[in-house]
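J.:
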Amino acid sequence: MKAQFFIIGTVLICVLFFSGLVFYKTGIKTTPSKDLFYVSENLKSEFPKALNLGLKEKKGSSDFFEFNKFIKNMLQEKAVKFYSFWLIAEPLGTGLNVSVGNIRKPGTVIININGDEKTISLNEEETKSAVFSNPPEEFQITLSFGNKTKTMRWVRNKVSLYCWFSLERGENAASNEIEA
Amino acid sequence: MQGYVRTLEAVFAGIILIGFLVVLLKPNTLPGTQDTEKAYTALMELDKTGNLREDIVSGNLSAINSKISLFPYNHSVLVCDSSGCAGEVPETPENIWTGEYLISGCDSFHPYVVKLFVWEK
Numbered sequence: 001m002k003a004q005f006f007i008i009g010t011v012l013i014c015v016l017f018f019s020g021l022v023f024y025k026t027g028i029k030t031t032p033s034k035d036l037f038y039v040s041e042n043l044k045s046e047f048p049k050a051l052n053l054g055l056k057e058k059k060g061s062s063d064f065f066e067f068n069k070f071i072k073n074m075l076q077e078k079a080v081k082f083y084s085f086w087l088i089a090e091p092l093g094t095g096l097n098v099s100v101g102n103i104r105k106p107g108t109v110i111i112n113i114n115g116d117e118k119t120i121s122l123n124e125e126e127t128k129s130a131v132f133s134n135p136p137e138e139f140q141i142t143l144s145f146g147n148k149t150k151t152m153r154w155v156r157n158k159v160s161l162y163c164w165f166s167l168e169r170g171e172n173a174a175s176n177e178i179e180a
Numbered sequence: 181m182q183g184y185v186r187t188l189e190a191v192f193a194g195i196i197l198i199g200f201l202v203v204l205l206k207p208n209t210l211p212g213t214q215d216t217e218k219a220y221t222a223l224m225e226l227d228k229t230g231n232l233r234e235d236i237v238s239g240n241l242s243a244i245n246s247k248i249s250l251f252p253y254n255h256s257v258l259v260c261d262s263s264g265c266a267g268e269v270p271e272t273p274e275n276i277w278t279g280e281y282l283i284s285g286c287d288s289f290h291p292y293v294v295k296l297f298v299w300e301k
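Set out below in C-alpha cells:
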C-alpha cells in the first residue's frame, strides 16, 4: 500500500514539473510592440510639413514622393513595411492639378470632382497627375483606390492633401490617414 | 503513515525544484514599450518647442544630446539622411532601446531620421 502512495506522489511531481515547463515559455519575451504607433503619429504630423517644404521650392508633389521613399527605406531597416497612397490638389489658374502617388499600393485610382471623373492607373512607386478644368471654388472630391473610397470637401484656391499610410511588421500593424 | 510523509516530502521537493527552474530560466526581458515611448516623447517634445530641427540639419549632435534629459539613463543620438549617418551607436553590453523621429527638413526639404539610443547606467 505504501508503495502505491510513492508512485502517486512521483507521478504528481512529474506532472507538476512538465506542466510547468510547458506553460513556462523560455527565451526572450517582449511586450507587444507599440513603436509602430509612435512612427504613425510622427508621420501624421510630418506629412503636411513635408508638403509645405516642397511647395516652398515649387516641388510639392515630387518632394512628397521623395519623402515617402525616404520613409520606406528608413523603416525597412526596422523590418517595417511601409505602404502609402496620396493625392495632392494644387490650384492651376481656374483649374486644379491633381497628382496621385503610391508606395507599395499600385492600382487604379478614380477621382471624381463634382461629376467630372478621371481614372488613373498607378504602377508601384509612381506618381501621375491629371488636370481638372474649372471646378467650382468649393468642390466635392471622391477618391477610390483599392477597396477604399473617400469623399472630401475642398476649396480650389488652396493646396490640399489626402494621404493614407500603413505600417506592418509581422502581426503588428498601424494605419492612418491625413487630410490637410 | 510514513508513506504519506514521504509523498509530502516528494511534493515539497517538486515545488522547490520547479521554483528553482523558474528562477534559473527567468527570461531575458527586452526593454518595454514605455522605454521606447520615453525616447520618442523626448524627441517629439524637443521638436514641438522648436529645439530639434535646426540642430539636426546643422549636424549639432552634442546640442541635441544636451537638451535631452532621461534620468537615470544614458543616451546618445544618431542622425541619418539618405546618404548616411552621423554620430555613434553606443557600445554597451546592456539593453539599449531606440526612439526614432522623422523630419522632412527645417527651412528647406531634406528628410532626416534622428535615432535616440537609451540605456541603463
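Residue numbers (our numbering), protein chains in the order written: chain A, 1 to 180; chain B, 181 to 301. Backbone N, C-alpha and C define an ideal beta-carbon position, used for all residues, glycine too.
Leaving out the 5 sequence neighbours to the left and right, which residues in its chain are closer than 7 Å to residue 97 of chain A when beta-carbon positions are compared?
T.: Counted from its first residue, the first sequence places residue 97 of chain A at position 97. Hits under 7 Å: 90, 129, 131.
J.: What separation, rounded to the nearest whole angstrom, lies between the Cα atoms of residue 198 of chain B and residue 188 of chain B?
T.: Counted from its first residue, the second sequence places residue 198 of chain B at position 18. Counted from its first residue, the second sequence places residue 188 of chain B at position 8. So the alpha carbons of these two residues sit roughly 15 Å apart.
J.: Can you check which of these residues, A/84, A/161, A/103, is closest to residue 48 of chain A by C-alpha distance?
T.: The residue given as residue 48 of chain A occupies position 48 in the first sequence. Nearest of A/84, A/161, A/103 to residue 48 of chain A, Cα basis: A/161.
J.: Going by other Cβ atoms of all chains shown within 10 Å of its Cβ, with 16 needed for buried, is residue 209 of chain B buried or exposed?
T.: Walking along the second sequence from the start, residue 209 of chain B turns up at place 29. Because the pLDDT of residue 209 of chain B is 48, which lies under 50, any placement of that residue in the model is unreliable, and the question is left without a value.
J.: Are the beta-carbon atoms of residue 168 of chain A and residue 59 of chain A separated by less than 7 Å?
T.: By one-based count along the first sequence, residue 168 of chain A stands at place 168. By one-based count along the first sequence, residue 59 of chain A stands at place 59. Contact flag unset, no.
J.: Quick one: residues in its chain with C-beta nearer than 6 Å to the C-beta of residue 121 of chain A, no 5 flanking neighbours on either side, listed in chain order?
T.: If you number the first sequence from 1, residue 121 of chain A lands on position 121. Hits under 6 Å: 108.
J.: Given that a residue counts as buried once 16 or more other Cβ atoms are within 10 Å of its Cβ, and exposed if not, what is residue 100 of chain A?
T.: The residue you call residue 100 of chain A lines up with position 100 of the first sequence. Buried is the call here.
J.: State the start and end residues of the unbroken beta strand (DSSP E) segment that holds residue 138 of chain A.
T.: Looking up residue 138 of chain A in the first sequence gives position 138. Run containing residue 138 of chain A: 138-145, per the beta strand (DSSP E) assignment.
J.: Round the Cβ separation of residue 153 of chain A and residue 137 of chain A to the nearest angstrom and send it over; I've been treating them as touching at under 8 Å.
T.: In the first sequence, residue 153 of chain A corresponds to position 153, counting from 1. In the first sequence, residue 137 of chain A corresponds to position 137, counting from 1. At roughly 12 Å, the Cβ-Cβ gap does not stay under 8 Å, so residue 153 of chain A and residue 137 of chain A are not in contact.
J.: Taking DSSP as the reference, what is the three-state secondary structure of residue 231 of chain B?
T.: Walking along the second sequence from the start, residue 231 of chain B turns up at place 51. Assignment of residue 231 of chain B by DSSP, reduced to helix, strand and coil, places it in the coil class.
J.: Nearest-angstrom Cα distance between residue 259 of chain B and residue 146 of chain A?
T.: Start at 1 with the first residue of the second sequence, and residue 259 of chain B comes out as number 79. Start at 1 with the first residue of the first sequence, and residue 146 of chain A comes out as number 146. Answer to the nearest angstrom: the Cα atoms are 36 Å apart.
J.: At which residues does the beta strand (DSSP E) containing residue 174 of chain A begin and terminate?
T.: Translated into the one-based positions of the first sequence, residue 174 of chain A becomes position 174. First-last of the beta strand (DSSP E) with residue 174 of chain A: 172-179.
J.: Between the Cα of residue 140 of chain A and the Cα atoms of A/133, A/113, A/124, which residue gives the shortest distance?
T.: Against the first sequence, residue 140 of chain A aligns to sequence position 140. Taking only the C-alpha atoms, the option nearest residue 140 of chain A is A/113.
J.: When you compare each of A/35, A/37, A/148, A/56 to residue 85 of chain A by their alpha carbons, which one comes out closest?
T.: Here residue 85 of chain A refers to the residue found at position 85 when the first sequence is read from its first residue. Checking every option, the nearest Cα to that of residue 85 of chain A belongs to A/148.
J.: Taking contact to mean at least 3 C-beta pairs separated by less than 8 Å, is the stretch 280-300 of chain B in contact with the stretch 241-260 of chain B?
T.: Taking 8 Å as the limit for Cβ pairs, the verdict is that the stretch 241-260 of chain B does touch the stretch 280-300 of chain B.
J.: Taking a Cβ distance cut-off of 9 Å, strictly less, list which residues of the stretch 39-58 of chain A are near chain B, in chain order.
T.: Going along the stretch 39-58 of chain A in chain order, one finds 39, 41, 42, 43, 45, 46, 47, 49, 50, 51, 52, 53, 54, 56, 57 with a Cβ nearer than 9 Å to chain B.
J.: Looking at residue 262 of chain B and residue 211 of chain A, is the spacing between their C-beta atoms short of 7 Å?
T.: Missing from the structure shown is residue 211 of chain A; chain A here goes from 1 to 180 and no further.
J.: Which residues bound the beta strand (DSSP E) around residue 153 of chain A?
T.: Translated into the one-based positions of the first sequence, residue 153 of chain A becomes position 153. It spans 148-155 - the beta strand (DSSP E) in which residue 153 of chain A sits, taken as one unbroken run.
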